[in-house]
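Numbering (this note's numbering), first residue to last: 1 to 736.
We treat Cβ as the ideally placed atom computed from N, Cα and C, and that holds for glycine.
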């Protein structure tokens, strides 16, 4: 059977699967598979940077660097997946094998987040971080191979299931496929942060990253099982050879041949790709020229992705320093990413059905490249908004002491006011209250004087630390120095402690924790507590009372139990509160404008860019340009690492402004490049080349015919002479 017969046989097999409402049943397995896979990927990715920072205890820069490296690899591996599918295994087997790799990677991530594996002292945090780091990095590598490898295969495999008579159904399938991507992303970025915020563990409780990674791992397993279930119904094409490899060889040959004929004695070619004409078809060379024109425009594009993908890293970390209380709903920092898919699902139909047609009616020539330029500008404005918000956040953040400084706060444990004198300052303290702010000192010790009765004490200070000086009611008793926090509480939680000013021990507990027994004139260690309302029970023997407080996000508090406390119903009024670190006061809702701008930019840039690439790509080069498009995303994530490493800016808002400025400059360069671009119809150009090729073949046939004419005439003459001789012979024989 010939190759053409194989193609005919394959095309007859398309669309022959049993249908429901005109759609092949097989595509329903593919749609469910895609939904589960996208849930798995985006769910894991939503909590990834917080896992690096709070579980593996990496600093912000390292967490962001590894995050963007992982995302970059996820957009590099589609090229590998396309090569494997087209040249070796085919789409179906590639999806199966790489999905298995993907699922193993997700399981590895879930196991790496179980703190009990190495938590030998059972304090809620892993003791052997090397084990968790190695396992998680292996998991991320496998996930990058899996998700990137199947990315170029699943949508194309779904399109293969439709026959030529199902063009309308095929278009609907791609729309539903796109909705599944955003639906999976939306649900996962809502659910996995909630799972992460739970406390779980076998021996000790900690943030449940293992569950936040475990559910995506389970969804990936479901995705694989569902896809395999439809195996008998799929139409499976055979590998046809990789066009990307063919294009690369053709370009390589052209460069090599041009270098070989660089001497002036050789005539110049109209285009450097024309040097490949010795070995490759002119139509292929023309198609490569068209693709290269588009790929040239791709050069500035990575800068947009540099900013866009920081919503999952820098913006998530920014949200951890903000207030997520939306009334009856508390939003986790990593849940703010859900705004992006929500806006995508809203803005795409609005733009397509309202905004773009309205612009067209106004007579404006809003070409795809102009849309992409506007999208880049919107991305830059989003980062300007992020910088403005960061400036507001910075005003609320505490200023901790430098390595050469110390900070001190004073607490009057007595019931009567006192006057405290210390170097260059004087402070009046009411009974059972602490000073509102910390005082800075450069020296190793200071002299503190109490005016009435007059008492002087030398207080040693620790450089780089915050401390609270506990002044007892009996001034001549021992003065204690309590060490305070020198970091802002993480993940939006709060840190609290109790100081017992009574002469008898007090036991403090809550529904979430037990703070133990606090001895007279002593203090407890800091304990972590979530946002929301908490009720504490204070107990002294058989006597007890309750104290309640509403907590925000990221605050640190000291609660003082005065000596005048009477157990009963008056705890609420008697206990005094000192705010050591103010809670987050800038609301997360202020991030909505920057998310709106970056999403509007995505619609203008990404959706339009894909449409432009598809319309300008030759018929057999669409996969090449798709690979080039994904490559811009990978390069963009690497740029984050390079710029952040080179800049080393001390303030986060300045880094936001730097990225915004870079994208604005790049958008100007891109607009200039776009002004020189001429839109073409690749199909018409290909048809013209094919027609020319046919005409050339016809001309060659004509020339062959002309060459054959003299030969034919000679043969005719020869035949005539032969026939006349024969006739003569016959005549002679007859006469005889």
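query	result
Using the C-alpha atoms, what's the distance from residue 531 back to residue 549?	10 angstroms
Tell me which same chain residues have a C-beta within less than 7 angstroms of the C-beta of residue 728, skipping the five on either side of it?	Unreliable positioning characterises residue 728 in this predicted model, as indicated by a pLDDT of 43, which lies under 50. A coordinate reading is not provided.
Using the Cβ count rule (16 or more neighbours within 10 Å means buried), how would you classify residue 423?	exposed
What residues in its chain sit with their C-beta under 7 angstroms from that of residue 38, if we drop five residues either side in the sequence?	180, 181, 184 and 185
With a CB to CB cut of under 6 angstroms and the five nearest residues on each side skipped, what residues in its chain are close to residue 258?	272 and 275
What did DSSP end up calling residue 92 once you bin it into helix, strand or coil?	helix
For the candidate residues 296, 73 and 460, whose alpha-carbon lies nearest to that of residue 617?	296
Evaluate residue 740 with the Cβ neighbour count: other Cβ atoms within 10 Å of its Cβ, from every protein chain shown; 16 or more gives buried, anything less gives exposed.	Residue 740 falls outside the range modelled here, since the chain spans only 1 to 736, and no answer is possible.
Return helix, strand or coil for residue 484, following the three-state DSSP convention.	coil
By Cβ distance, which residues of its chain are closer than 8 angstroms to residue 20, with the 5 residues on each side in sequence left out?	28
Does DSSP put residue 362 in a helix, in a strand, or in coil?	coil
CA-CA distance, residue 279 and residue 269?	15 angstroms
Do you know offhand how far residue 238's Cα is from residue 612's?	29 angstroms
Tell me, which residues are paired with residue 692 by DSSP?	Paired residue(s): none; residue 692 is not in a bridge.
Who are the Cβ neighbours of residue 12 in its own chain at under 7 angstroms, not counting the five residues just before and after it?	In this prediction, residue 12 has a pLDDT of 49, which is less than 50 and means its spatial position is unreliable; what the coordinates show is noted afterwards. No residues qualify anywhere along the chain.
Could you round the C-beta distance between residue 219 and residue 40 to whole angstroms and report it? I think they count as a contact, below 8 angstroms.	4 angstroms
By the three-class DSSP mapping on this structure, what secondary structure does residue 26 have?	helix
Comparing C-alpha positions only, which one of 167, 671, 495 and 576 sits nearest to residue 565?	576
Assess contact between the segment 314-331 and the segment 675-684, defined as three or more Cβ pairs (one per stretch) separated by less than 8 angstroms. Is contact present?	no
Could you name the residues of the same chain whose beta carbon sits closer than 7 angstroms to that of residue 147, not counting the 5 residues immediately before and after it, in chain order?	41, 74 and 102
Looking at the unbroken beta strand (DSSP E) that takes in residue 747, where does it start and where does it end?	Here the chain covers residues 1 to 736 and nothing more, so residue 747 does not appear.
So which of 558, 290 and 341 has the shortest CA-CA distance to residue 684?	290
Could you name the residues of the same chain whose beta carbon sits closer than 7 angstroms to that of residue 1, not counting the 5 residues immediately before and after it, in chain order?	Low confidence applies here, because residue 1 scores a pLDDT of 43, under 50, leaving its location unreliable; read the following figure in that light. Excluding positions up to five away in sequence, the list is empty.
Write down every uninterrupted run of the alpha helix (DSSP H) in the segment 210-243 whose length is 4 residues or greater and which is fully enclosed by it, in chain order.	none
On the DSSP bridge list, what partners appear for residue 450?	420 and 455
Can you grab the Cα-Cα spacing for the pair residue 337 / residue 563, in whole Å?	49 angstroms
Just tell me which of 341, 311 and 353 has its CA closest to the CA of residue 333.	311
Helix, strand or coil, according to DSSP, for residue 208 in the structure here?	coil
Does DSSP classify residue 514 as helix, strand or coil?	strand
Just grab the DSSP bridge partners of residue 651 for me.	DSSP output for residue 651 lists no bridge partner at all.
Check each candidate in 262, 420 and 71 and name the one with the smallest Cα separation from residue 639.	71
Using 8 angstroms as the Cβ pair cut-off and three pairs as the minimum, do the segment 241-248 and the segment 79-96 touch?	yes
Secondary structure at residue 670, three-state DSSP: helix, strand or coil?	helix
Where residue 647 and residue 659 are concerned, what is the direct C-alpha to C-alpha distance, given to the nearest angstrom?	10 angstroms
Quick one: measure Cβ to Cβ for residue 381 and residue 632, integer angstroms, because I've assumed they're closer than 8 angstroms.	No, residue 381 and residue 632 are not in contact; Cβ-Cβ is about 21 angstroms, not under 8 angstroms.
Using three-state DSSP, classify residue 280 as helix, strand or coil.	coil
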